[in-house]
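Data block below; observations after.
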Amino acid sequence: MSSQHRKHREVADPQRDDSELDQPDLAEDIKHPVFSLEDEEMWLHNHGVVALTLRLARAVGMKEEELIHVRRGAFLHDIGMVGVPDEIIFKPDQLTEQEWGIVRRHPVFALDLLTTTGALTPALDIPYCHHEKWDGTGYPRGLKGEQIPLAARVFAVVDVWCALRSARPHRAAWSVEEAREYVYHHAGTHFDPRIVEVFLAMVSEEGS
Numbered sequence: 001m002s003s004q005h006r007k008h009r010e011v012a013d014p015q016r017d018d019s020e021l022d023q024p025d026l027a028e029d030i031k032h033p034v035f036s037l038e039d040e041e042m043w044l045h046n047h048g049v050v051a052l053t054l055r056l057a058r059a060v061g062m063k064e065e066e067l068i069h070v071r072r073g074a075f076l077h078d079i080g081m082v083g084v085p086d087e088i089i090f091k092p093d094q095l096t097e098q099e100w101g102i103v104r105r106h107p108v109f110a111l112d113l114l115t116t117t118g119a120l121t122p123a124l125d126i127p128y129c130h131h132e133k134w135d136g137t138g139y140p141r142g143l144k145g146e147q148i149p150l151a152a153r154v155f156a157v158v159d160v161w162c163a164l165r166s167a168r169p170h171r172a173a174w175s176v177e178e179a180r181e182y183v184y185h186h187a188g189t190h191f192d193p194r195i196v197e198v199f200l201a202m203v204s205e206e207g208s
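This is how it looks when you write it as structure tokens:
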């Protein structure tokens with residue numbers, strides 16, 4: 001294996017995220033060759049996302065025995081992007097509708113990848129369903145409301161929050177208040193309203 005792939009595997013070490021949920025089999029699963037992503041920033045971004053996802057999952061009442069699967073799913077939420085060609089991922093110009101169609105298949109690519117790795121199959125809810133929306137306008141299946149697995153509904157809020165709060169090449173990071181307003185106004189359309197209520201209370205208490 002190349003030194004570059006070894007580097008990415010070290011960056012992605014799941015034991016750094018939440019020690020109380022350490023599972024040796026997960027560390028071995030992550031070393032599977034299909035998880036050697038080329039984009040290091042994607043792996044680095046995951047650490048904060050996973051930690052916040054676990055806090056929100058606990059806050060909405062998910063059981064402790066479910067959290068290992070939440071953690072794994074959050075960590076691997078965009079693993080399906082390995083099925084998207086680099087020329088699309090790194091394209092500097094606006095994507096065509098056909099290219100967006102390929103990008104929107106990454107949850108299906110995740111399903112294909114993770115069902116071949118037995119220990120990770122229970123973690124599929126997030127990689128496969130985190131782009132579904134509460135009002136049924138998401139993808140890949142157009143699930144609506146509580147048809148969407150709870151773990152995916154939790155993660156959807158965290159994923160958007162962390163994206164808004166992070167700087168991008170084309171924009172500065174949004175302020176806490178701007179991100180709060182966005183999440184609040186998309187309750188009932190993009191997000192589960194109950195989870196939004198819990199999340200906004202949680203970040204207010206933590207001063208995130």
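With my numbering, the residue at position 89 of the sequence shown is 89, and numbering never jumps. For glycine and all other residues, C-beta sits at the position ideal for the given N, C-alpha and C.
DSSP places A167 outside both helix and strand once states are collapsed to three, so it counts as coil.
Within the same chain, and ignoring the five residues on either side of V49 in sequence, the residues whose Cβ sits closer than 7 Å to its Cβ are A74, V158, D159, C162. Rounded to whole angstroms, L124 and V154 show a C-alpha spacing of 14 Å. In this structure, L54 lies near L67, with their beta-carbon atoms less than 9 Å apart. D93 counts as exposed, since fewer than 16 other C-beta atoms from the protein chains shown sit within 10 angstroms of its C-beta. If you check the CB distance, Y128 and L111 come in under 9 Å. Cα atoms of G138 and R171: separation of roughly 24 Å, rounded to the nearest angstrom.
Closest in alpha carbon position to G118, among Q98, R141, H69, G101, is H69. Look at the segment 51-80 and you find these whole runs of alpha helix (DSSP H), each 4 residues long or longer: 64-75. Judged by their CB atoms, P107 and P140 are nearer to each other than the 9 Å cut-off. Between G188 and W134 a beta carbon distance of about 6 Å is seen, short of the 8 Å cut, so the two are scored as contacting.
When the five nearest sequence neighbours on each side are left out, no beta carbon in the same chain lies closer than 6 Å to the beta carbon of T116. The Cβ-Cβ distance between G142 and F109 does not fall below 9 Å.
Inclusion of R165 and A156 in the CB contact set at 9 Å is not warranted, their separation being larger than that value. The beta-carbon distance between V103 and I88, rounded to whole angstroms, is 6 Å. This is short enough to meet the 8 Å contact definition. Taking 9 Å as the cut-off, the beta carbon of V82 is found closer than this to the beta carbon of L113.
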